[in-house]
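Position 496 (the sequence shown) corresponds to 496 in this note's numbering; numbering is contiguous.
Idealized CB from N, CA, C, for every residue including glycine.
Just so we're clear, the structure is a prediction, and the values are computed from it rather than from any experiment.
Comments concern the structure below.
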Amino acid sequence: MNIYTKKRSWKVFLLAFASVIVSVSLWYTNGFIHKLALNEKKQVEIWAKAISRKASLVNNTNVLFENLREKEKRYVFLWSEATKKLISADNNDNIEFYTGIISGNRDIPVIVTDEEGNVTVGRNLTPKFKRLKKLQNEDLKEFTKYPPIKVPYFEDQYNYIYYRNSNTYYQLKNSLENFTQSFINEILNNNLSTPVIITDSSKVNVIAFSGSIDSTLVEDSSMLALTLREMENKNHPILIPLANSGDNYVFYNESPLLTRVRYFPIVLLFTIGLFLIISYILFSTSRKSEQSKVWAGMAKETAHQLGTPISSLMGWVEVMKLNYPNEEGLFEMDKDIERLKVVSERFSKIGSIPELHTTNIIPIIEGVVNYMKLRIPNKIDLFIISDTHDKLELKLNEPLIIWVFENLIRNAVDAIGVETGKIEIKIENNDKTIDIEITDSGKGIPKGQHKTIFNPGYSTKTRGWGLGLSLSKRIIEEYHRGRIYVKSSIPGVGSTFRILLKKAQNQ
1 MNIYTKKRSW KVFLLAFASV IVSVSLWYTN GFIHKLALNE KKQVEIWAKA ISRKASLVNN
61 TNVLFENLRE KEKRYVFLWS EATKKLISAD NNDNIEFYTG IISGNRDIPV IVTDEEGNVT
121 VGRNLTPKFK RLKKLQNEDL KEFTKYPPIK VPYFEDQYNY IYYRNSNTYY QLKNSLENFT
181 QSFINEILNN NLSTPVIITD SSKVNVIAFS GSIDSTLVED SSMLALTLRE MENKNHPILI
241 PLANSGDNYV FYNESPLLTR VRYFPIVLLF TIGLFLIISY ILFSTSRKSE QSKVWAGMAK
301 ETAHQLGTPI SSLMGWVEVM KLNYPNEEGL FEMDKDIERL KVVSERFSKI GSIPELHTTN
361 IIPIIEGVVN YMKLRIPNKI DLFIISDTHD KLELKLNEPL IIWVFENLIR NAVDAIGVET
421 GKIEIKIENN DKTIDIEITD SGKGIPKGQH KTIFNPGYST KTRGWGLGLS LSKRIIEEYH
481 RGRIYVKSSI PGVGSTFRIL LKKAQNQ
């Protein structure tokens, strides 16, 4: 098992382990939140029942007050009629009966004024009205709910008797209003921080809402309708009849704290996951940069170590040429030494910024093919297929591009092995790129290794270094801004590598 297979296995293991941790965390947290939600739901139900009971009490109080109001009206009506009768009574009427009713008034406020509204007499008045000199404006409005009684006192001059409901009536009314307002405040300012909206009988117009409800939500009719619908789906609204506004409905929902706690595990796991992903990317980038520096350093050191023996071999070949000037093998040996020198130069350039020159790539590929044909087995057919005979100029570093094609051809030869086979190099001229495909009839590459084979150190060969394809990818993608990848591969049938290179701008 190579290092990348182990790495993949570790990734799968860590991913599975992380999934288990996330699943257990979510399971435990959801269980805790579920218990918390049940506890809050019970408290909300208790609160709702208490509100319902208190609403019933408020309703009973309203009914009692309505009964008192009716009795008050009858009492005031009786007093006013007795007063009118007394004023218009003649000698035959029972004056004592009317006088008894009027003198029995201990609670109905009465103010007597002249025609100009000047107060002459007052009875059963609160301190506010006792100081009045003239009945007018707001004070007059309070005493004109019932029409004043007109009393003649001298020829065509009249006094007016103003009266209103009893002081007890207003005290009860104020107490009921305070009780109702206190009840509403108790609903809105509950200890559970439960969001509450109180509407009228139409379930549209908002009477009041708790502080946890955003005011902009109440102002937006569509958002309000959606919120009320969500509340009603979760909890049936509580009906509370109130004296001044009739039937009202209390809509409520779970507290914002519970909602935040419900989403807290997801937010926490997402934050941790995001932190781990960013950390992994930074670590991976740093590690790849370190690996690149290591491989570049090794390549330069290799070039440095090869420099001396290559120079010696070149000298010995020249000596042998003097002794055997017509020996054909010496010329082929000279080509190989020159090629070895070029390889050494390529290694020395790895890690530095290469110089790119506008070059026709067709002669370069033809030169590589002609060179490799003499150095591969005769049973392997190596040939070029091109859809154009025009010049295909690219921004290239010729020694590095030659090395890439040689490496791909050597890998194809190794994949074919001792069998008869073929290696096809296909060149396509597109609008913006030159597409080059190297296809062999070798043993193929498993699909799971299509990307792994470009990693430094990865090799399927027993004694391979795993540098060839890694350096090829770096030369094509980093130096020439192109792309290299496995287009297709079928085990036992063969593989196709594709290289995409951008055309020079003047084409």
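So, are the CB atoms of residue i and residue j less than 7 Å apart?
{"i": "glycine 444", "j": "proline 491", "result": "yes"}
{"i": "phenylalanine 359", "j": "leucine 330", "result": "One detail in the question is off: residue 359 reads as threonine in this sequence, not phenylalanine. No; because the gap between Cβ atoms is not below 7 Å, this pair is not in contact."}
{"i": "isoleucine 402", "j": "valine 369", "result": "no"}
{"i": "threonine 113", "j": "leucine 140", "result": "no"}
{"i": "methionine 223", "j": "phenylalanine 251", "result": "no"}
{"i": "serine 488", "j": "isoleucine 427", "result": "no"}
{"i": "leucine 471", "j": "phenylalanine 454", "result": "no"}
{"i": "lysine 341", "j": "isoleucine 310", "result": "yes"}
{"i": "leucine 356", "j": "isoleucine 434", "result": "no"}
{"i": "leucine 269", "j": "valine 22", "result": "yes"}
{"i": "isoleucine 416", "j": "isoleucine 475", "result": "no"}
{"i": "glutamate 437", "j": "threonine 496", "result": "yes"}
{"i": "leucine 392", "j": "isoleucine 361", "result": "yes"}
{"i": "isoleucine 33", "j": "arginine 262", "result": "yes"}
{"i": "tyrosine 479", "j": "proline 325", "result": "no"}
{"i": "phenylalanine 576", "j": "leucine 239", "result": "Not covered by the structure: residue 576. The range shown for the chain is 1 to 507."}
{"i": "proline 265", "j": "leucine 26", "result": "yes"}
{"i": "methionine 333", "j": "valine 319", "result": "no"}
{"i": "isoleucine 425", "j": "isoleucine 484", "result": "no"}
Restricting to Cα atoms, I'd like to know which of the options is closest to residue i.
{"i": "threonine 439", "options": "Ile423, Pro446, Lys42", "result": "Ile423"}
{"i": "glycine 169", "options": "Lys71, Gly421, Leu500, Lys473", "result": "Residue identity differs from the one stated: residue 169 is tyrosine in this sequence, not glycine. Nearest C-alpha to tyrosine 169: Lys71."}
{"i": "asparagine 253", "options": "Lys49, Phe17, Leu228", "result": "Leu228"}
{"i": "proline 363", "options": "Arg8, Ile46, Phe405", "result": "Phe405"}
{"i": "glutamate 40", "options": "Arg123, Asp200, Leu257, Val76", "result": "Leu257"}
{"i": "methionine 7", "options": "Gln449, Phe497, Val261", "result": "For the sequence presented, residue 7 should be read as lysine rather than methionine. Cα-wise, what sits closest to lysine 7 is Gln449."}
{"i": "asparagine 195", "options": "Ser210, Ser202, Lys432, Ile281", "result": "Checking the sequence shown, residue 195 turns out to be proline, not asparagine. Considering only alpha carbons, the answer is Ser210."}
{"i": "alanine 55", "options": "Glu219, Gln291, Phe179", "result": "Phe179"}
{"i": "alanine 299", "options": "Arg287, Leu276, Val267, Ser348", "result": "Ser348"}
{"i": "proline 456", "options": "Pro446, Lys473, Ser441, Gly442", "result": "Lys473"}
{"i": "leucine 276", "options": "Pro127, His480, Ala18", "result": "Ala18"}
{"i": "isoleucine 499", "options": "Ile365, Thr388, Val110", "result": "Ile365"}
{"i": "lysine 203", "options": "Asp214, Ser221, Glu186, Ile213", "result": "Ser221"}
{"i": "valine 493", "options": "Asn159, Tyr160, Gly442, Tyr485", "result": "Gly442"}
{"i": "aspartate 390", "options": "Asn429, Thr420, Tyr28, Ala296", "result": "Asn429"}
{"i": "leucine 165", "options": "Tyr158, Phe143, Lys234", "result": "The amino acid at residue 165 is misidentified as leucine; the sequence shows asparagine. Cα-wise, what sits closest to asparagine 165 is Phe143."}
{"i": "asparagine 105", "options": "Trp79, Ile384, Ile484", "result": "Trp79"}
{"i": "tyrosine 146", "options": "Val294, Ile111, Ser284, Pro127", "result": "Ile111"}
{"i": "glutamate 186", "options": "Asn205, Ile51, Leu38, Asn233", "result": "Ile51"}
Residue i and residue j look like a contact to me (Cβ under 8 Å); what is the Cβ gap, rounded to whole Å?
{"i": "isoleucine 337", "j": "leucine 374", "result": "Contact flag wrong, Cβ pair sits at about 15 Å."}
{"i": "serine 344", "j": "glycine 315", "result": "Actually they do not touch by this definition, with Cβ atoms about 15 Å apart."}
{"i": "proline 241", "j": "asparagine 59", "result": "5 Å"}
{"i": "leucine 400", "j": "alanine 504", "result": "Not really, about 17 Å apart at Cβ, beyond 8 Å."}
{"i": "tyrosine 249", "j": "threonine 216", "result": "Rounded, the Cβ-Cβ distance is 22 Å, inconsistent with contact."}
{"i": "aspartate 107", "j": "asparagine 124", "result": "6 Å"}
{"i": "proline 152", "j": "phenylalanine 129", "result": "Not quite, the Cβ-Cβ distance comes to about 25 Å (not below 8 Å), so this is no contact."}
{"i": "valine 76", "j": "tyrosine 163", "result": "7 Å"}
{"i": "isoleucine 149", "j": "threonine 83", "result": "6 Å"}
{"i": "serine 201", "j": "aspartate 247", "result": "4 Å"}
{"i": "threonine 120", "j": "asparagine 159", "result": "7 Å"}
Could you check where the alpha helix (DSSP H) with residue i kicks off and where it finishes?
{"i": "alanine 208", "result": "Element bounds for alanine 208: not the alpha helix (DSSP H) but the beta strand (DSSP E), 206 to 209."}
{"i": "asparagine 370", "result": "361 to 373"}
{"i": "leucine 228", "result": "221 to 234"}
{"i": "leucine 471", "result": "468 to 473"}
Please list the terminal residues of the continuous beta strand (DSSP E) segment that includes residue i.
{"i": "glycine 448", "result": "Careful: glycine 448 lies outside any beta strand (DSSP E) and carries neither H nor E."}
{"i": "arginine 410", "result": "Unbroken run through arginine 410 is the alpha helix (DSSP H), 398 to 416; no beta strand (DSSP E)."}
{"i": "serine 495", "result": "494 to 502"}
{"i": "asparagine 429", "result": "421 to 429"}
{"i": "asparagine 248", "result": "246 to 252"}
{"i": "glutamate 437", "result": "433 to 440"}
{"i": "lysine 487", "result": "483 to 490"}
{"i": "aspartate 381", "result": "380 to 386"}
{"i": "isoleucine 197", "result": "196 to 199"}
Is it the case that the CB of residue i approaches a heavy atom of the ligand GTP more closely than 6 Å?
{"i": "serine 215", "result": "This structure simply doesn't include the ligand GTP, nor any ligand for that matter."}
(Q) Which runs of the alpha helix (DSSP H) at least 4 residues long sit entirely within the stretch 99 to 159? Give them in chain order. (A) 127 to 130, 137 to 142
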